[in-house]
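Adding 40 to a residue's 1-based position in the sequence shown gives its number in my numbering.
No residue lacks a Cβ here, since even glycine has one placed at the ideal position from N, Cα and C.
Being a predicted model, the structure only gives us computed values, none of them experimental.
To start, the structure under review is shown below, and the notes come after it.
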Amino acid sequence: MTYNLLKGKRGIIFGALNDKSIAWKVAEAAHREGAIFTLSNTPVACRMGDLQDLAKQTNSEIIPADATNVKDIENVLKTSMEVLGGKLDFLLHSIGMSLNVRKKREYPDLDYNYFTKTLDISAISFHKLIQTAYKMDAVNKWGSILALSYIAAQRTLSGYNDMADAKALLESIARSFGYIFGRDKKVRVNTISQSPTYTTAGSGVKGVDGLIDFSERMSPLGNADADDCAEYCVVMFSDFTKKVTMQNLYHDGGFSSMGMSLQAMMQYNKSLKPDDSQDI
Ligand SMILES: NC(=O)c1ccc[n+]([C@@H]2O[C@H](COP(=O)([O-])OP(=O)(O)OC[C@H]3O[C@@H](n4cnc5c(N)ncnc54)[C@H](O)[C@@H]3O)[C@@H](O)[C@H]2O)c1
41 MTYNLLKGKR GIIFGALNDK SIAWKVAEAA HREGAIFTLS NTPVACRMGD LQDLAKQTNS
101 EIIPADATNV KDIENVLKTS MEVLGGKLDF LLHSIGMSLN VRKKREYPDL DYNYFTKTLD
161 ISAISFHKLI QTAYKMDAVN KWGSILALSY IAAQRTLSGY NDMADAKALL ESIARSFGYI
221 FGRDKKVRVN TISQSPTYTT AGSGVKGVDG LIDFSERMSP LGNADADDCA EYCVVMFSDF
281 TKKVTMQNLY HDGGFSSMGM SLQAMMQYNK SLKPDDSQDI
């Protein structure tokens, strides 16, 4: 079912790597809803990933950029406006990476060079993107800028490591710049806090299977998958959410409001030995 929600809208989608990526699903959904856009990822990801297939499928041009490099971002914004024929209506930041997670450096033993990179790639790049777009006046009035976050920004979830700190910063940037971009140019800035999802980035998190199973059991609606997330992003890019800004929007089947569900409690009880309860 399509509703033409994004007919006439132009955008840039950062972070599609393969068909598991949330950004990939957003590109498919935005295409279905009538948007035109460019795709961007690191030069390596553009060469090694499956992005060409998505570009073909959605009639999009690929513009490589390291999102931590302001010159690269300027080039993506400028080239996108040329290719698409005008200023932009939406930007998706779907970018995250932690070398500490990749190299299995746990939180009480972080490598600080990696930590700085985590923050730069996963959070400060969002500021760089917004600031560059703001200075270039690249976004139309009522445009929508989105990044993807995770509830580890508010609550500690074992194994999420320094990405939790990056997400907290990401959400703060959305609020701080959301005020300025909204005040000066009537552009929205939000983050969507998504359920844990099987993707390349998601699968790197320690204990991801348990995390996904736990939040599935805890959420009354079950986990939101990447396709569900894509549909929410489309709504956030559409004119139906013109006055939503500076928000962290939970898209998690209700997980963020739960304490303990019956389903999770039943599973938890199964794993207790008969006399364990005495020790709690
Ligand atoms: N998968 C989950 O469980 C989950 C849950 C909540 C939020 N998120 C967030 O969703 C976003 C997308 O992740 P995903 O799960 O689709 O995984 P993914 O691995 O498919 O996407 C991450 C993308 O970031 C890109 N990237 C890394 N370094 C970059 C750089 N320097 N410049 C530009 N791009 C760079 C990668 O190439 C990749 O395309 C991330 O911000 C992630 O933290 C994911």
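Closer than 7 Å, CB to CB, is residue i near chain B or not?
i           : result
residue 240 : You won't find chain B in this structure, because it holds only one protein chain.
When DSSP builds the beta bridges, which residues end up paired with residue i?
i           : result
residue 290 : 233
residue 166 : Answer by DSSP bridge pairing: none, since residue 166 is not bridged.
residue 179 : 128
residue 184 : 130, 228
residue 78  : 52
residue 243 : DSSP output for residue 243 lists no bridge partner at all.
residue 102 : 79
residue 216 : In the DSSP output, where bridge partners are listed per residue, residue 216 has none listed.
residue 189 : 233
Would you decide whether residue i is buried or exposed? Buried here means 16 or more other CB atoms lie within 10 Å of its CB.
i           : result
residue 302 : exposed
residue 99  : exposed
residue 129 : buried
residue 242 : buried
residue 190 : buried
residue 223 : exposed
residue 250 : exposed
residue 120 : buried
residue 111 : exposed
residue 268 : buried
residue 261 : exposed
residue 203 : buried
residue 137 : buried
residue 82  : buried
residue 55  : buried
residue 219 : exposed
residue 49  : buried
residue 292 : buried
residue 22  : It is not possible to answer for residue 22, since the shown part of the chain is limited to 41 through 320.
residue 207 : buried
residue 309 : exposed
residue 156 : exposed
residue 134 : buried
residue 142 : exposed
residue 263 : buried
residue 153 : exposed
residue 311 : exposed
residue 247 : exposed
residue 84  : exposed
residue 320 : Unreliable positioning characterises residue 320 in this predicted model, as indicated by a pLDDT of 47, which lies under 50. The coordinate reading is nonetheless provided below. That one is exposed.
Q: Report yes or no: do the stretch 106-120 and the stretch 164-183 share at least 3 C-beta pairs separated by less than 8 Å?
A: yes
Q: Indicate whether the contact test is met: 3 or more Cβ pairs, each with one atom in the stretch 263-282 and one in the stretch 69-86, closer than 8 Å.
A: yes
Q. Contact between the stretch 50-66 and the stretch 81-91: three or more CB pairs below 8 Å?
A. yes
Q. Taking one C-beta from the stretch 174-183 and one from the stretch 191-201 each time, how about it: are there three or more such pairs within less than 8 Å?
A. no
Q) Three or more beta-carbon pairs under 8 Å between the stretch 225-236 and the stretch 281-291, yes or no? A) yes
Q.
Any contact between the stretch 247-263 and the stretch 41-55? By contact I mean 3 or more CB pairs, one from each, below 8 Å.
A. no
Q.
So within the stretch 247-301, which uninterrupted beta strand (DSSP E) runs reach at least 3 residues, ignoring any that extend past its ends?
A. 288-291
Q) Quick one: any contact between the stretch 142-156 and the stretch 198-216, if contact means 3 or more CB pairs under 8 Å? A) yes
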